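S.K.:
Numbering (my numbering), first residue to last: 60 to 364.
(1) If you measure between the beta carbons of residue 200 and residue 230, is that distance less than 8 Å?
(2) In whole angstroms, give me the CA-to-CA distance for residue 261 and residue 279.
(3) Can you give the Cα-Cα distance for residue 282 and residue 272, rounded to whole angstroms?
(4) Shortest alpha-carbon distance to residue 85 belongs to which of 67, 182, 70 and 110?
(5) Within this structure, are the beta carbons of residue 396 and residue 304 separated by less than 8 Å?
(6) Which stretch, first to last residue, makes up the beta strand (DSSP E) that contains residue 238?
(7) With DSSP as the reference, please indicate the residues paired to residue 121 in a beta bridge.
(8) According to DSSP, is residue 93 part of a helix, a strand, or is it coil?
(9) Which residue's Cα is closest to the Cα of residue 308: 240, 288, 169 and 297?
(10) Taking 8 Å as the cut-off, does the region 143–158 touch the region 98–109 (at least 3 CB pairs, one atom from each stretch)?
(11) Below 8 Å between beta carbons: does that hold for residue 142 and residue 176?
(12) Relative to the C-alpha of residue 358, which candidate in 195, 130 and 264 has its C-alpha closest?
(13) So, with DSSP's three-state summary, where would you put residue 353?
(14) Mind checking which residues open and close the alpha helix (DSSP H) that includes residue 79?
(15) Measure the Cβ-Cβ separation of residue 293 and residue 87 and say whether it is below 8 Å.
(16) Which residue spans inside the region 169–204 form an unbroken beta strand (DSSP E) run of at least 3?
(17) Taking C-beta to C-beta, are residue 242 and residue 228 nearer than 8 Å?
(18) Going by DSSP, what residues sit across from residue 259 in a beta bridge?
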């Protein structure tokens, strides 16, 4: 039976021990019936310890954690549940230093846990194509030159340059879902394929006047505003929704994480995107939704390679 809760206190009462967490994960992952994570068979035998299972076809033993981000983790599921609650309920995310204090683990362990959780949320953030009225805009992460010594400043980094910054494209339905992805260059050959892969053909799209968006009129109802002349709203044409999303993301970067490497940027984007797309869910509903899609193991070696 799936447990429901509305606060961190309620969650701690609902899951007082490791077995209660195992039962919750099993109820969510095996909602229909138990299956083997190795071969997919539903011929599963359960051992009396209520933790171990065996496949009747491939004969392999496994626990409910096999095939998930919790596989081979020595951290108690109860601590994992708290970490999931914190990373999904805090609008700007949570730093590994803070999580380490909250659940009594080392900062290195907390960082690895958060990267596993971001990996899981990243895979759940880009599922269905966007439709309706979609706003699109790019932003840039990192690469501030203003506080550097004159001898260390790089030239030509202003505007849409990606010499020291990482460009990110964002697409959001008005009142709906968000999708984000980092890009190497801000030209039509990099941006247009991402848009066509993630936005339904014929959708109404709003952008600014950036020239790389001009090709969108071939596939979409493309309208734009001209920021360069001080135009930000023209009737129902604006990009305020996506700009608001970027503002929230950057507050998390500056206030919580301080710095995000290019290598891991997409994980942080997936984390933010998941929170944005589940903003209408209650705290407990969001945790349970996260647990339903926590498949996909991420090893430390793969993470840092």
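Here a beta-carbon is modelled for each residue, glycine too, at the ideal position from N, C-alpha and C. Predicted model, so just to flag it, every value in this text is computed and none were measured.
M.R.: Taking the structure as given:
(1) Against the chain shown, residue 200 aligns to sequence position 141. Against the chain shown, residue 230 aligns to sequence position 171. No, these two residues do not count as a Cβ contact at 8 Å.
(2) In the chain shown, counting from the first residue as 1, residue 261 sits at position 202. In the chain shown, counting from the first residue as 1, residue 279 sits at position 220. In a straight line, the C-alpha of residue 261 is about 4 Å away from that of residue 279.
(3) The count along the chain shown starts at 1 and reaches residue 282 at position 223. The count along the chain shown starts at 1 and reaches residue 272 at position 213. Their Cα atoms are separated by approximately 10 Å.
(4) For the purposes of this step, residue 85 is identified with residue 26 of the chain shown, where counting begins at 1. Nearest C-alpha to residue 85: 110.
(5) With the chain covering only 60 through 364, there is no way to say anything about residue 396.
(6) Looking up residue 238 in the chain shown gives position 179. From DSSP, the beta strand (DSSP E) with residue 238 extends over 237–242.
(7) Along the chain shown, one-based indexing puts residue 121 at 62. According to DSSP, which records beta bridges pairwise, residue 121 is partnered with 112.
(8) Looking up residue 93 in the chain shown gives position 34. Three-state DSSP puts residue 93 in coil, outside helix and strand.
(9) Start at 1 with the first residue of the chain shown, and residue 308 comes out as number 249. Out of 240, 288, 169 and 297, 240 has the C-alpha closest to the C-alpha of residue 308.
(10) no
(11) Looking up residue 142 in the chain shown gives position 83. Looking up residue 176 in the chain shown gives position 117. Going by C-beta atoms, residue 142 is nearer than 8 Å to residue 176.
(12) For the purposes of this step, residue 358 is taken as the residue at position 299 of the chain shown. Answer by Cα proximity: 130.
(13) Locating residue 353 in the chain shown gives position 294, counting from the first residue. Correct three-state label for residue 353: coil.
(14) Position 20 of the chain shown holds residue 79. Element bounds for residue 79: 77–88.
(15) In the chain shown, residue 293 corresponds to position 234, counting from 1. In the chain shown, residue 87 corresponds to position 28, counting from 1. Going by C-beta atoms, residue 293 is not nearer than 8 Å to residue 87.
(16) 192–200
(17) Counting from 1 along the chain shown, the entry for residue 242 is found at position 183. Counting from 1 along the chain shown, the entry for residue 228 is found at position 169. Yes, the pair counts as a contact, with Cβ atoms nearer than the cut-off.
(18) Here residue 259 refers to the residue found at position 200 when the chain shown is read from its first residue. DSSP output for residue 259 lists no bridge partner at all.
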